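Novice: Below you will find the structure I want to go over with you.
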Amino acid sequence: MSSTIEYLENKQDIDMCWSRQTGMRNSFGKPYGRAARVFVGQHIINVRTKGNFVSHAKEALRRAKNRLSGKQLIQESTIHEFTKMTRDEYQNLRSENRLLVRGSCVSVVKEKGSIEKYKERMTKALE
């Protein structure tokens with residue numbers, strides 16, 4: 016009988032406590048705002064990192080894909096950094112000094128055009 020009396024006395028305190036904790040109530044699986052439509056085979060996110068951090072990036076993506084509905088694949092790309100060439104092509108062109116560094120991107124010095132322009136491009140690439 017005493018527990019019933021305590022419950023009735025503290026009923027107002029319990030209601031006040033519940034009204035403060037509405038932030039995460041029923042929030043799982045309910046998107047707010049805008050949601051993006053993703054089609055099969057579409058890239059959702061690209062992560063570029065150094066070679067020694069690949070395992071950490073894969074683990075972060077594995078944890079992130081558990082929060083998305085559907086089936087996602089994590090694949091390591093063969094493309095080198097911000098270029099459109101593979102790692103082998105990049106290493107070959109770099110050893111031949113045919114890459115023109117432009118910040119985080121690179122351009123390939125082509126052997127087309129006049130000899131003067133080719134010499135200018137090669138001197139920039141060798142700097």
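Under the working numbering, the first residue of the sequence shown carries the number 16, and numbering increases by one thereafter.
We put the beta carbon where it would ideally sit given N, CA and C, even for glycine.
Quick caveat, the model's predicted, so the values are computed rather than measured.
Leaving out five residues on either side along the sequence, give the residues of the same chain with a beta carbon under 6 Å from the beta carbon of residue 75.
Specialist: For this step, residue 75 is matched to residue 60 along the sequence shown. Excluding residues within five positions, none has a Cβ falling inside 6 Å.
Novice: In the DSSP assignment, find the alpha helix (DSSP H) that holds residue 102 and state where it starts and stops.
Specialist: Within the sequence shown, numbered from 1, the residue matching residue 102 stands at position 87. 102-110 is the extent of the alpha helix (DSSP H) around residue 102.
Novice: Since residue 123 sits in a beta bridge, which residues does DSSP pair it with?
Specialist: Start at 1 with the first residue of the sequence shown, and residue 123 comes out as number 108. Answer is 114.
Novice: Per DSSP, what kind of secondary structure is residue 147 in: helix, strand or coil?
Specialist: Past the edges of the chain, shown from 16 to 142, lies residue 147, and the structure says nothing about it.
Novice: Taking Cβ positions, are residue 124 and residue 109 nearer each other than 8 Å?
Specialist: Looking up residue 124 in the sequence shown gives position 109. Looking up residue 109 in the sequence shown gives position 94. Contact flag unset, no.
Novice: Between the C-alpha atoms of residue 86 and residue 60, what's the straight-line distance to the nearest angstrom?
Specialist: For the purposes of this step, residue 86 is identified with residue 71 of the sequence shown, where counting begins at 1. For the purposes of this step, residue 60 is identified with residue 45 of the sequence shown, where counting begins at 1. Rounded to whole angstroms, residue 86 to residue 60 spans 14 Å at the Cα level.
Novice: Based on Cα-Cα distance, which residue from 129, 133 and 69 lies nearest to residue 96?
Specialist: For this step, residue 96 is matched to residue 81 along the sequence shown. The residue with the shortest Cα to Cα distance from residue 96 is 69.
Novice: Please classify residue 53: is it buried, with 16 or more other beta-carbons within 10 angstroms of its beta-carbon, or exposed?
Specialist: Start at 1 with the first residue of the sequence shown, and residue 53 comes out as number 38. Result: exposed.
Novice: Measuring CA to CA, which of 78, 94 and 56 is closest to residue 63?
Specialist: As a first step, residue 63 is located in the sequence shown; it is residue number 48 there, counting from the start. That would be 94, whose Cα lies nearest to the Cα of residue 63.
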